[in-house]
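K.L.:
For reference, the structure I am asking about is given below.
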Amino acid sequence: MMAARRALEVAASAGCSQCRSSVFKLFLTPTAPYITSQAYATRRLALSAPALRRFSSTPVRSMSSEAGKPPYSQETELKVDEDDQVAADSQDAEVPWYLQVEPPTHAPVAEPPPLPEVPADSPAIIQSLLEYASEEMGLEELSLLDLRELNPPAALGPNLIMLFGNARSERHLHVSASRLVRWLRYQHKVHADADGLLGPNERKTKLRRKAKRAKLLGTMGTDDADDGISTGWICVNLGTLNRSSEDVTVVSEDGRVAGFGVPQKGSTIVVQIMTEARRAELGLETLWQRSLERQAPQNSQKDAANPAAGIAAPGQASITHPPTRPHLPSHPTPGASGLASTQSKSMSTSSRVHDKPATYALSGAANTNEHLDRLSQQLRYDGDEKLRTLELLHTHMHQATKSEMESLLASPAFDRLLALATQGVPSEYTWSLRLALECRGRQLKHPLYSGIDNIRTLVTQYRTDAILASREQCLDMLSCIYSASGATLQEKNAAALDLLDSLHLRYQNIIANDVIVAIIEAISMDQEPSVETKALQARLETLLIQARLPYMGEGLLIKLLGVYARQQNWERFWKVWRIPPQYMQPRSRTLYLYMFHLMTRTQSSTLCASALRRCFPEMLKENPPVQPVGDIREAILRCVRLADSRAEEHAATLSVDAGNPATRSLANREFVKLVRSIKSLG
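Note that numbering that gives the first Met the number 0 has the sequence shown beginning at 0, numbered continuously upward.
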């Protein structure tokens with residue numbers, strides 16, 4: 000290196016250009032072939048003409064070139080391939096690593112996911128709607144649910160078809176839904192309703208107001224309150240398409256207009272657009288799929304069990320769609336003072352001949368068989384008369400006293416009348432009556448209404464026949480289930496879970512105070528509870544505390560107080576008594592009156608004394624105060640008589656300022672002073 004530098008200095012100092020050129024050639028002229036030019040040529044060859052890999056053992060040649068040449072064997076080809084590979088490796092070794100460029104590889108083109116299959120006999124708009132949602136709107140994970148088999152149909156409309164799709168963000172959600180509404184209006188003349196859709200200006204205004212409010216409050220927009228912007232869900236309802244006027248009104252043979260139970264020909268289409276997180280949170284697809292799966296075996300079982308449903312026996316009246324009364328009332332008519340007033344009110348259009356047999360049958364007259372025969376002839380051909388009789392039975396059962404109900408259940412005429420009235424009538428019109436009869440029979444401990452079979456049948460009909468029952472009736476079914484005799488706890492739990500599952504599917508809250516209290520109250524009716532029953536009650540009591548439910552109200556508090564008084568669990572009793580102050584709620588006069596009645600019923604001086612010491616000062620501090628007057632005063636004095644039998648006598652005869660110490664001691668006793676203060680307040 001030093002010699003080369005010295006030679007260059009000499010060449011630079013030389014004045015002759017020929018000498019300088021000779022010196023430069025001495026070091027620059029290679030003795031071997033030019034490596035640079037060879038590498039450059041190799042690189043150009045590698046980049047311009049990449050080596051082709053043969054995939055066949057037979058080379059392709061033209062007919063003119065094969066003539067006059069020796070045959071080309073496979074061994075010759077393999078030898079040529081090896082020579083080419085060696086030559087390529089030697090060329091790659093001569094090319095530097097930073098010049099060894101591989102041919103470019105193109106990423107495979109991602110194909111769009113396949114669209115869901117269009118159900119048979121669906122509207123023609125479904126296919127174009129799927130393509131628009133996938134290509135133009137950019138929705139992901141499309142799924143199509145065919146809910147046309149639901150019976151009764153969903154609240155959104157008959158013959159429902161629902162499309163689900165994911166939006167990438169909130170902005171994409173609103174933009175895609177807005178485009179879909181415009182596309183449906185301009186292309187298909189369908190005016191769709193988009194619930195939850197915000198227009199562009201409205202969304203900008205709300206976001207600007209939210210940012211301004213966050214800036215003023217100093218929250219920097221981190222609050223998780225429901226602002227109506229980040230809903231994550233827009234429901235686009237296209238309505239019922241291809242609907243005709245014949246589907247709405249149908250005139251029967253007798254001239255009445257009927258619209259219930261008529262098959263609908265149109266199809267309702269709904270597009271559910273959600274963000275991915277919102278779709279996973281709601282789980283609407285799972286809900287509808289479970290409804291379809293649950294209905295499929297029920298429909299098949301119903302068809303197999305009753306292939307000739309709706310066909311009445313010869314000579315009998317069958318009620319499939321009664322024209323006058325769509326359902327029976329679940330409670331007696333307000334304002335009805337007795338059976339006669341209710342009867343005249345509900346049967347104002349009928350003659351006295353129609354209602355006398357039923358009235359005599361319920362009253363237990365001597366000529367009951369004669370009137371039952373006449374009523375049987377009327378009920379055999381008149382469906383409206385059956386409904387009137389069922390309504391009369393239902394009202395009379397709610398108004399009957401305990402003694403009247405006992406004699407009614409023991410009467411053979413009542414059983415015959417009930418059989419005549421319910422024969423050939425669908426379960427939806429007799430369900431309320433049979434449930435009321437079951438509840439009253441269990442209250443009276445009638446042997447025919449103590450098992451679990453009847454109530455299990457009512458639960459099954461409630462699920463399969465879409466019975467419109469109130470929440471009080473559902474709680475009555477729970478009470479009947481757990482108060483049934485002759486059934487194991489596993490059977491009771493299975494029937495109760497079926498009922499609670501149906502309530503949950505009907506969007507009713509099942510983790511609630513009334514449900515838990517109803518089960519606890521029914522369990523407490525068992526005179527000899529098993530270990531499993533006690534464990535179930537303990538779990539329900541823990542759930543009542545840990546679920547952080549709202550205040551249950553005094554009606555449920557009275558039930559719980561009665562349960563623990565019946566079980567003589569006084570520790571739980573006083574825990575329940577302390578529930579209203581925990582929710583900042585006052586106790587009413589009714590609650591104090593019920594508590595003192597329970598204490599008096601125990602006939603225990605210790606319990607009555609404890610209740611007086613605890614509750615009398617509290618009732619005077621309530622808001623508003625509960626004054627010891629009237630019936631509550633009498634209840635307190637009965638407790639005082641049990642706690643101290645001579646307290647009233649001493650309060651009336653002895654003076655507080657008596658000179659005798661013994662007399663003064665008696666006059667200042669605890670319950671003597673309590674009686675004196677009660678009389679002063681009253």
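Idealized CB from N, CA, C, for every residue including glycine.
For clarity, every value in this text was computed on a predicted model and none was experimentally measured.
I'd like the ranges of any alpha helix (DSSP H) spanning at least 4 consecutive residues and lying wholly in the stretch 95-141.
P.N.:
Listed in chain order, the complete alpha helix (DSSP H) runs (minimum 4 residues) inside the stretch 95-141 are 124-130.
K.L.:
Would you kindly work out how many angstroms separate the C-alpha atoms of Val674 and Lys533, rounded to a whole number?
P.N.:
Roughly 41 Å separates the two Cα atoms.
K.L.:
In angstroms, rounded to a whole number, what distance separates the CA positions of Val671 and Thr652?
P.N.:
Distance between the alpha carbons of Val671 and Thr652: 11 Å.
K.L.:
Around the Cβ of Lys385, are there at least 16 other Cβ atoms within 10 angstroms (buried) or fewer (exposed)?
P.N.:
Buried, since its Cβ has 16 or more Cβ neighbours within 10 Å.
K.L.:
Is there contact here, the stretch 453-465 with the stretch 410-423, by at least three beta-carbon pairs under 8 Å?
P.N.:
The stretch 453-465 vs the stretch 410-423: no contact.
K.L.:
Check Gln271 in the structure and name its three-state DSSP category.
P.N.:
Correct three-state label for Gln271: strand.
K.L.:
Report all residues from its chain with a CB closer than 7 Å to the CB of Met396; omit the five preceding and five following residues, and keep chain order.
P.N.:
Closer than 7 Å at the Cβ level, and outside the excluded window around Met396, lie Ala435, Leu436, Arg439.
K.L.:
Can you tell me the Cα-Cα spacing of Ala661 and Ala642, whole angstroms?
P.N.:
Distance between the alpha carbons of Ala661 and Ala642 is about 20 Å.
K.L.:
Does the contact criterion of 3 or more C-beta pairs under 8 Å hold for the stretch 510-525 versus the stretch 474-487?
P.N.:
Short answer: they touch.
K.L.:
Which residues share a DSSP beta bridge with Gly164?
P.N.:
The partner list for Gly164 (beta bridge, DSSP) reads Ile272.
K.L.:
Contact between the stretch 534-554 and the stretch 495-507: three or more CB pairs below 8 Å?
P.N.:
No: fewer than three Cβ pairs fall under 8 Å.
K.L.:
Please go through the same chain and pick out, in chain order, the residues whose beta-carbon is closer than 6 Å to the beta-carbon of Leu162, but skip the five residues on each side of it.
P.N.:
Excluding sequence neighbours, Leu162 sits near Leu143, Val270.
K.L.:
Are the beta-carbon atoms belonging to Cys638 and Leu619 less than 9 Å from one another?
P.N.:
Not in contact: Cys638 and Leu619 (Cβ atoms no closer than 9 Å).
K.L.:
So, do the stretch 186-195 and the stretch 148-160 have three or more beta carbon pairs nearer to each other than 8 Å?
P.N.:
No, the stretch 186-195 is not in contact with the stretch 148-160.
K.L.:
Could you check where the alpha helix (DSSP H) with Thr239 kicks off and where it finishes?
P.N.:
Not the alpha helix (DSSP H): Thr239 falls in the beta strand (DSSP E), residues 232-240.
K.L.:
Glu669 by DSSP, collapsed to three states: which one?
P.N.:
Note: Glu669 maps to helix in three-state DSSP.
K.L.:
Figure out for me which residue from Leu555, Asn659, Pro122, Ala412 has the closest Cα to the Cα of Asp145.
P.N.:
Nearest C-alpha to Asp145: Pro122.
K.L.:
Between the Cα of Phe615 and those of Gln602, Ser604, Ile631, spot the shortest distance and give me the residue it belongs to.
P.N.:
Answer by Cα proximity: Ile631.
K.L.:
What whole-angstrom Cβ distance do Tyr732 and Val562 have, given they're in contact under 8 Å?
P.N.:
Residue 732 is absent from the model: the chain starts at 0 and stops at 681.
K.L.:
Apart from the five residues just before and just after Leu283, which ones in its own chain have a Cβ nearer than 6 Å to its Cβ?
P.N.:
Once the five neighbours on either side are set aside, Leu283 has no close Cβ partner at all.
K.L.:
Taking Ala193 as part of the beta strand (DSSP E), name the residues at either end of that continuous run.
P.N.:
Looking at the DSSP string, the run of the beta strand (DSSP E) that includes Ala193 is 192-194.
K.L.:
Given a cut-off of 9 Å, decide if Leu488 and Ser529 are closer than it, judged by their beta-carbon atoms.
P.N.:
Going by C-beta atoms, Ser529 is nearer than 9 Å to Leu488.
K.L.:
With DSSP as the reference, label Ser410 as helix, strand or coil.
P.N.:
DSSP places Ser410 in coil when its eight states are reduced to three.
K.L.:
Give the straight-line distance between the Cα atoms of Thr429 and Ser469, rounded to the nearest whole angstrom.
P.N.:
Straight-line Cα distance between these residues: approximately 15 Å.
K.L.:
Compare the beta carbon distance of Thr230 and Arg277 with 9 Å and say whether it is the shorter of the two.
P.N.:
Taking 9 Å as the Cβ cut-off, Thr230 and Arg277 qualify as a contacting pair.
K.L.:
With distance defined between alpha-carbon atoms, name the residue in Leu606, Glu490, Lys491, Leu555 nearest to Ala511.
P.N.:
Here the closest residue by C-alpha is Leu555.
K.L.:
Report yes if the C-beta distance between Pro183 and Val189 is below 9 Å; otherwise report no.
P.N.:
Residue identity check: residue 183 is Leu in the sequence provided, not Pro. Yes, these two residues count as a Cβ contact at 9 Å.
K.L.:
Near Ala546, what residues of its chain come up, given a Cβ to Cβ distance below 7 Å and the 5 sequence neighbours on each side ignored?
P.N.:
Result list for Ala546: Ile510, in chain order.
K.L.:
Report the start-end ranges of each alpha helix (DSSP H) in the stretch 451-525 that is 4 residues or longer and not cut off at the edges.
P.N.:
Counting whole runs of 4 or more residues, the stretch 451-525 contains the alpha helix (DSSP H) stretches 452-463, 470-481, 488-504, 512-523.
K.L.:
Taking the DSSP output, what are the residues bridged to Leu146?
P.N.:
DSSP, once it has assigned bridges, lists Leu159 as partnering Leu146.
K.L.:
Are the beta-carbon atoms belonging to Ser127 and His187 less than 9 Å from one another?
P.N.:
Taking 9 Å as the Cβ cut-off, Ser127 and His187 qualify as a contacting pair.
K.L.:
Rounded C-beta distance between Lys558 and Val516? I'm assuming under 8 Å.
P.N.:
Between Val516 and Lys558 the Cβ distance is about 5 Å, and since that is below 8 Å, they are a contact.
K.L.:
Any heavy atom of the ligand SAH closer than 8 Å to the CB of Ala610?
P.N.:
Here there are no bound small molecules, and the ligand SAH is not part of this structure.
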